[in-house]
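A.B. asks:
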Amino acid sequence: MKNKVGKSIFAKIAKLFIFAILTLVFHVLLSWKLFERVSNTRESKLIKKLRDLAGIKEYKAKEDTLSSEGLKYDDVYINSRDGKKLHGVILEADADSDLYVICIHDILREGPLEFSKIAKFYHELGVNVLITDLRGFGKSAGDYTTFGFIEARDHMEWTDYLIDSYGSDIRIVLHGIGVGAATVLMMCRYELSRCIKGLVVDGSYSSLKQQLRYSFNNKKLLGLELPEGLSYFLYKSACFNASVFDPERTNPCDGAEKINIPVIFVSANEDPLVSSQMTEDMYEMCPSI
């Protein structure tokens, strides 16, 4: 009788163990699938759907829009702290100028596509322009976006590149759009170089957790019928398991609270991707305004 009871208990424990293993495997596979759909810069379904939502019907990654604007540029490269080869283009002013603008694009386009018109505007003002490709976009190495978290460190390196190349007495303005704007704000969490004199923040989210949960609530963006809370939990788990970054710490509003130089916040009232209220909130918390 005791043997039968013992075998019965053992069988139940074995079934529970197998169930736990299968649940864990399912959790890992589903979370990684979600992570790929959100953060893989080459294959992300979220990015593709956001392009459609923003009205970007055709995405021509190799289109040379700078040359079509009559702008001459040089390709430049740096190595990130984690060994990624990052690409940018430098447009030097026709006359000597100590003013440089670093243009940081959104995840819906690569750098030269996003900033061709704006680069021409700056160039006509006699300003030097550096347009970067975020990691995983354009000619920059990498496969995943961290929505500004690691990209902020990358652009601290780009700032050092300009100072090392053109001197410590230059003046630098950071101009970001979308995730590029979030990158600018998260750079402000660090000690910025004294060469950085101003910021242009166009359409940044304030909290990645809040922004992702908003996106996950729209089932059409990911093609997964999951509650937005569960989707965020799975995405955060995948980030933790892959040691990529922590979405909970990806908060541009933390940088907004530390800005002590002139800044322009830009937002569209009918932006389909980022609520203008986020921009208003960060404007209110910014101490330099």
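Residue 415 is where the sequence shown ends in this note's numbering, and the numbering goes up by one at each step. Every residue gets a Cβ at the ideal spot worked out from N, C-alpha and C, and that includes glycine. Source: prediction; values computed, not measured.
#1: If you draw a straight line from the C-alpha of Arg261 to the C-alpha of Arg297, how long is it?
#2: Are the Cβ atoms of Ser291 and Asn254 separated by less than 7 Å?
#3: Thinking Ala364 and Ser330 are a contact (beta carbons under 8 Å), I'd like their distance in whole angstroms, please.
#4: Check for me: the beta strand (DSSP E) holding His301 runs from which residue to which?
#5: Enumerate in chain order the residues of its own chain whose CB-to-CB distance from Glu236 is below 7 Å, with the five nearest sequence positions on each side excluded.
#6: In whole angstroms, what separates the C-alpha of Cys229 from that of Met313?
#7: How big is the Cα-Cα spacing for Arg279 and Phe371?
#8: Skipping 5 residues on each side, what residues in its chain have a beta carbon closer than 6 Å to that of Arg339?
#9: Assign Tyr361 to buried or exposed, taking buried as 16 or more other Cβ atoms, counted over all protein chains shown, within 10 Å of its Cβ.
#10: Of all the options Ile415, Met408, Val389, Phe391, which has the alpha carbon lying nearest to the alpha carbon of Cys422?
#11: Let me know if Phe247 comes out buried or exposed under the rule of 16 or more other beta-carbons within 10 Å of its beta-carbon.
#12: If we call anything under 7 Å between Cβ atoms a contact, is Leu300 one with Leu325?
#13: Let me make sure I understand the geometry here. Which of Leu212, Ser242, Pro238, Ala245 has the alpha-carbon closest to that of Glu283?
#14: So the candidates are Val202, Glu162, Phe391; which of them puts its Cα closest to the Cα of Ile303?
#15: Expressed to the nearest angstrom, what Euclidean distance is found between the alpha-carbon atoms of Ser341 and Ser393?
C.D. replies: So, from the listed chains and residues:
#1: Stepping through the sequence shown from its first residue, residue 261 is reached at position 135. Stepping through the sequence shown from its first residue, residue 297 is reached at position 171. C-alpha separation (whole angstroms): 25 Å.
#2: As a working note, residue 291 is residue 165 in the sequence shown. As a working note, residue 254 is residue 128 in the sequence shown. No. Outside cutoff.
#3: Mapped onto the sequence shown, residue 364 falls at position 238. Mapped onto the sequence shown, residue 330 falls at position 204. With a Cβ gap of about 24 Å, Ala364 and Ser330 do not count as contacting.
#4: Counting from one through the sequence shown, the residue named residue 301 turns up at place 175. Taken as a continuous stretch (DSSP letters only), the beta strand (DSSP E) holding His301 covers 297-303.
#5: Your numbering for residue 236 matches position 110 in the sequence shown. Ala187, Asp259, Phe263, Gly264.
#6: Reading the sequence shown from its first residue, position 103 is the one you call residue 229. Reading the sequence shown from its first residue, position 187 is the one you call residue 313. Spanning the two alpha carbons is a distance of roughly 14 Å.
#7: Here residue 279 is taken as the residue at index 153 of the sequence shown, counted from 1. Here residue 371 is taken as the residue at index 245 of the sequence shown, counted from 1. Straight-line Cα distance between these residues: approximately 12 Å.
#8: Counting from 1 along the sequence shown, the entry for residue 339 is found at position 213. Answer for Arg339: Glu354, Tyr358, listed in chain order.
#9: Taking the first residue of the sequence shown as position 1, residue 361 is located at position 235. Counting Cβ neighbours within 10 Å, Tyr361 comes out buried, since at least 16 surround it.
#10: Outside the shown range of the chain, which is 127 to 415, sits residue 422, and nothing can be said about it.
#11: Start at 1 with the first residue of the sequence shown, and residue 247 comes out as number 121. Exposed, by the Cβ-count rule.
#12: As a first step, residue 300 must be located in the sequence shown, where it is residue number 174. As a first step, residue 325 must be located in the sequence shown, where it is residue number 199. Result yes, Cβ atoms of Leu300 and Leu325 sit closer than 7 Å.
#13: Residue 283 sits at position 157 when you count from the first residue of the sequence shown. Ranking the options by Cα distance to Glu283, first place goes to Leu212.
#14: For the purposes of this step, residue 303 is identified with residue 177 of the sequence shown, where counting begins at 1. Selected option, being the one with the closest Cα: Phe391.
#15: Taking the first residue of the sequence shown as 1, we reach residue 341 at position 215. Taking the first residue of the sequence shown as 1, we reach residue 393 at position 267. Cα to Cα, Ser341 sits roughly 18 Å from Ser393.
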